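>
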């Protein structure tokens, strides 16, 4: 028997192929279109923006837009499902690290503010244009939002219990939703020093939640 016959064949079927330049270029252009769409929809609303307007902002002709998105609604769906998934995943990661509830809450607030600061247009569109999504995408977004809220609720209740106070889950949800309302309104505010804005929003969030940390 030869030496080579004892060598098992190498299975390369599960090895992912690196993306081609064309695939990378298409993904980059798609990301540009999503960013342009968020900016325009934040400024003018979903109804006030055409697919052609979005394409023009990044140098894509009207017909070429349909190679990326079949409709403006498809674009909105992807945009809002993505930001909702990002919020939930980020919040879950913060909570799953463990640690004292007070530190976890501050980290959750900081994470949410990070998203507000870096993706203000998406937050505005998410807050205003959910009703323009397809029913399936709308359901997905609302499910992710509820799960994100529950992560916060668990932490807030833990802080109350640690302090010897009681807070039922229904009231905790109201407080968390009110906090999101405060935080998510910040992209519409006039320009403000970021460090001061972060301190102010953190203090407002803690006050709305009734937490002393």
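In this note's numbering, the protein residues as written are 66 to 278. Glycine included, C-beta positions come from ideal geometry on N, C-alpha and C. All values derive from a computational prediction rather than experimental measurement.
#1: Going by beta carbon distance, what residues of the same chain come within less than 7 angstroms of residue 148, once the five residues before and after it are set aside?
#2: Taking the straight line between their C-alpha atoms, what separation do you get for residue 233 and residue 215?
#3: Have a look at residue 139 and residue 104 and give me their C-alpha separation to the nearest angstrom.
#4: From the DSSP output, in three-state form, read off residue 109 for me.
#5: What does a CB cutoff of less than 8 angstroms around residue 194 pick up in its chain, not counting 5 residues either side in sequence?
#6: Residue 153: buried (16+ other C-beta within 10 angstroms of its C-beta) or exposed?
#7: Where does residue 228 sit, in a helix, a strand or coil, going by DSSP?
#8: Let me know if residue 68 comes out buried or exposed under the rule of 16 or more other beta-carbons within 10 Å of its beta-carbon.
#9: Express the C-alpha separation of residue 222 and residue 124 in angstroms, rounding to a whole number.
#10: So, are the CB atoms of residue 134 and residue 177 less than 9 angstroms apart?
#11: Please return the same chain residues whose Cβ sits closer than 8 angstroms to the Cβ of residue 267, not counting the five positions on each side in sequence.
#12: Within its chain, find whatever has a CB closer than 6 angstroms to the CB of residue 256; leave out the 5 residues flanking it on each side and keep chain order.
#13: How is the alpha helix (DSSP H) around residue 120 delimited, first residue to last?
#14: Which residue comes first and which comes last in the alpha helix (DSSP H) that contains residue 177?
#15: According to the neighbour-count rule (16 or more other Cβ atoms, all chains shown, within 10 Å of its Cβ), is residue 116 buried or exposed?
#16: Which class does residue 132 belong to by DSSP, given the choice of helix, strand or coil?
#17: Pick out whichever of 163, 197, 151 has its Cα sitting closest to the Cα of residue 180.
#18: So, under 8 angstroms CB-CB, residue 166 and residue 220 are touching, yes? Tell me the CB distance rounded to an integer number of Å.
#19: Which same chain residues end up closer than 8 angstroms to residue 198 when comparing Cβ atoms and leaving out the 5 residues on each side of it in sequence?
#20: Residue 251 by DSSP, collapsed to three states: which one?
Quick answer:
#1: 184, 187, 191, listed in sequence order.
#2: 13 angstroms
#3: 16 angstroms
#4: Note: residue 109 maps to helix in three-state DSSP.
#5: 106, 110, 111, 141, 145
#6: buried
#7: coil
#8: Low per-residue confidence applies at residue 68: pLDDT is 44, beneath 50, and the placement is therefore not dependable, though the value from the model is reported in the following sentence. The residue in question, residue 68, is exposed, as its Cβ has fewer than 16 Cβ neighbours within 10 Å.
#9: 50 angstroms
#10: no
#11: 171, 174, 175, 178
#12: Correct list: empty, nothing qualifies.
#13: Note, residue 120: alpha helix (DSSP H), 116 to 122.
#14: In the DSSP assignment, residue 177 falls within the alpha helix (DSSP H) that extends over 166 to 183.
#15: buried
#16: coil
#17: 151
#18: 5 angstroms
#19: 138, 141, 142, 145, 206
#20: Residue state, collapsed to three classes: helix.
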